[in-house]
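Chains as they are written, first to last, in the working numbering: chain A, 1 to 372; chain B, 373 to 578.
Everything on this sheet refers to the single structure shown next.
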């Protein structure tokens, strides 16, 4: 395995060549990937909102946004501008501190989770040893923000929505964690980079989806439930609860919830592609491709090309799942709250446990195929 | 002092202030919902402390279990219990408060003497950054095997108990037949309705 491009190393090298001390060069480097990741997440939200509008329009045989920029591409930007300039109302007899803190607590952990999303061998902020576990832990903070928003709004629908959101979130976290555990068992690591590398040897045939089909389905269902996407959007079910915990919010505070939900959807899609579809890997290993064309793997232009290909592959896979999620929204009816909890506790949890046990047994029996 | 050490000291200061402030808030706020939310702040600050000690796995587990599960459960309990009882000032409340203060001060003195009397040996071996999870696993399956297994048996017992309690059909029916139960539900008195605005107002006026 060749080291690939090391952006950090070369950036610091350039700065030290200019006569800046190494420590300072590293300090200058540090905020750059974080800002870049923030920008990526925000642009991802804009694209996601645009896709949502266009695909839902297509599903309903409409045209969708048309005049705001070519193909309505500026529609999400117009949405954002509208939310920024809207009056920010705090309802009477609500709790202003908790009312403000709620949306922040919902958005912050999601953005923080982008810390661990890899777009290439070295194209991530940190390669933590506990990366996937950190994501699960951070996503468990969200229900507190939702409860806070629901409680402080001084509205019965909001409180019900907040309670539903928290119940849904904690009950689907367990199947989610169990299906991730099966992957971690196979790749002997919780680091996202290691998980992708373990899938990388045979191209598309080595991806985890072939070894973990049940785990993949469980993870996807649980991720949809965690993102509160249809068919699991009970916390904000319009017909029952007005808009759940978001009822009383307007302006940018509502905007935070809105951004948070799309960033979360994007994050889940990225993590599905990392965990089950080989992350940044091309269906045919890049090394094999290089061998066919007789190109040296260490040629600089080839490295750059491979890096770009990695980013494109990650995004393509992620947006495939975003597309599926949006299509599901317009094809599947909403489940009831008791059906939701039944599905989580009585079906997904046992199936995920069996899947984990089977993975462990297969790992002992066929250590070659299941990462012994 | 280089950059990393400076950041460590500053974050230690911020975390300590946040931890102590949030903990004081948990105890001193009369509004129980504020206390519950601040408890989450205490747990998060603790996780930050663990991070400073290079225990990344413990920090993440702290957030997952204490913030994500325990604190949410507490909040759930508070928000689902619809008890509208005005807080009555108890007679002789100072006895209880005084006893609490005494116990807390005693515990504080005990812990302080313990901290100062133990010769803390900081190991010179540098801990590897990403290896804490492997080290913990090795300990679980060698010298801490018995406590680990006992804890898992305890959790299994709790899980079986929860399942038995949740599945009422496994319990033998004692007295009431289904029709009697339905009768009982129909006879439950309906709560008197109040204007929406009074829900929070009365809670905060307390």
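Note that the Cβ used here is the ideal one computed from N, Cα and C, for glycine as well.
Please read all numbers here as calculations on a predicted model, not as lab measurements.
Per DSSP, residue 339 of chain A is one residue of the alpha helix (DSSP H) stretching across 337-342. Below the 7 Å Cβ cutoff, chain A contributes no neighbours of residue 478 of chain B, its closest Cβ being approximately 33 Å away. Rounded to the nearest whole angstrom, the CA to CA distance from residue 341 of chain A to residue 164 of chain A is 10 Å.
Look at residue 451 of chain B: its C-beta is under 8 Å from a C-beta on chain A. Per DSSP, the unbroken alpha helix (DSSP H) holding residue 50 of chain A starts and ends at 31-59.
By the beta-carbon neighbour count (other beta carbons within 10 angstroms, threshold 16), residue 288 of chain A is exposed.
Using a CB distance cut-off of 8 Å, residue 148 of chain A counts as an interface residue toward chain B. Every alpha helix (DSSP H) of 4 residues or more that sits fully in the stretch 513-545 of chain B is shown, in chain order, as 517-538. When A/248, A/211, A/69, A/8 are compared, the shortest CA-CA separation from residue 102 of chain A is found for A/248.
For residue 52 of chain A, the closest of A/284, A/230, A/147, A/28 by C-alpha to C-alpha distance is A/230. Collapsing the DSSP output to three states places residue 272 of chain A in a helix. Taking the C-beta atoms as reference points, residue 270 of chain A is found nearer than 8 Å to residue 117 of chain A. The alpha helix (DSSP H) runs of length 4 or more contained entirely in the stretch 102-163 of chain A are, from start to end of the chain, 131-139, 142-152. In the structure shown, residue 194 of chain A adopts helical secondary structure according to DSSP, grouped into three states. Under the Cβ criterion of 8 Å, residue 69 of chain A is not counted among the residues facing chain B. Contacts with chain A (Cβ-Cβ distance below 9 Å) from the stretch 435-449 of chain B involve 435, 436, 437, 439, 440, 441, 443, 444, 445, 447, 448, listed in chain order.
In this structure, DSSP gives residue 492 of chain B a state outside helix and strand, which the three-state scheme calls coil.
In chain order, 23 make up the part of chain A whose C-beta sits under 9 Å from the C-beta of residue 374 of chain B.
The alpha-carbon of residue 314 of chain A is positioned some 30 Å away from that of residue 357 of chain A. Residues of the stretch 123-138 of chain A whose Cβ lies closer than 9 Å to any Cβ of chain B, in chain order: 127, 128, 129, 130, 133, 134, 136, 137, 138. Within chain B, the residues whose beta carbon sits less than 8 Å from that of residue 166 of chain A are 444, 447, 448, listed in sequence order. Contact holds between the stretch 408-417 of chain B and the stretch 443-454 of chain B, because three or more Cβ pairs, one in each stretch, are under 8 Å apart. Contact annotation: residue 283 of chain A and residue 206 of chain A have beta-carbon atoms that are not nearer than 8 Å.
Restricting attention to B/431, B/486, B/425, the CA atom closest to the CA of residue 416 of chain B is found in B/431. Taking 4 residues as the shortest admissible run, the stretch 178-248 of chain A contains the following complete alpha helix (DSSP H) segments, listed from N- to C-terminal end: 192-198, 208-211, 213-226, 238-241. Under the 8 Å criterion on CB atoms, residue 140 of chain A is classed as interfacial with respect to chain B. The stretch 247-264 of chain A and the stretch 84-98 of chain A touch, with no fewer than 3 CB-CB distances between them shorter than 8 Å. In the displayed model, residue 331 of chain A falls within coil according to three-state DSSP, outside both helix and strand. Only residues of its own chain outside the window of five on either side were considered, and among them 200 have a CB closer than 6 Å to the CB of residue 281 of chain A, listed in chain order. For residue 377 of chain B, the three-state secondary structure derived from DSSP is helix. Within chain B, the residues 409, 412, 439, 440, 443, 444, 447 have their CB atoms less than 9 Å from the CB of residue 144 of chain A, given in chain order. At least 8 Å separates the CB of residue 473 of chain B from every CB of chain A. Cβ-Cβ distances below 6 Å link residue 397 of chain B to 410 in the same chain, with the five nearest sequence neighbours on each side left out; the list follows chain order. Within the stretch 172-200 of chain A, those residues whose Cβ lies closer than 8 Å to any Cβ of chain B are, in chain order, 173, 190, 191.
Contact between the stretch 428-443 of chain B and the stretch 138-155 of chain A is established, with three or more Cβ pairs separated by less than 8 Å.
Between residue 27 of chain A and residue 15 of chain A, the C-beta gap is not smaller than 8 Å, which leaves the two residues out of contact.
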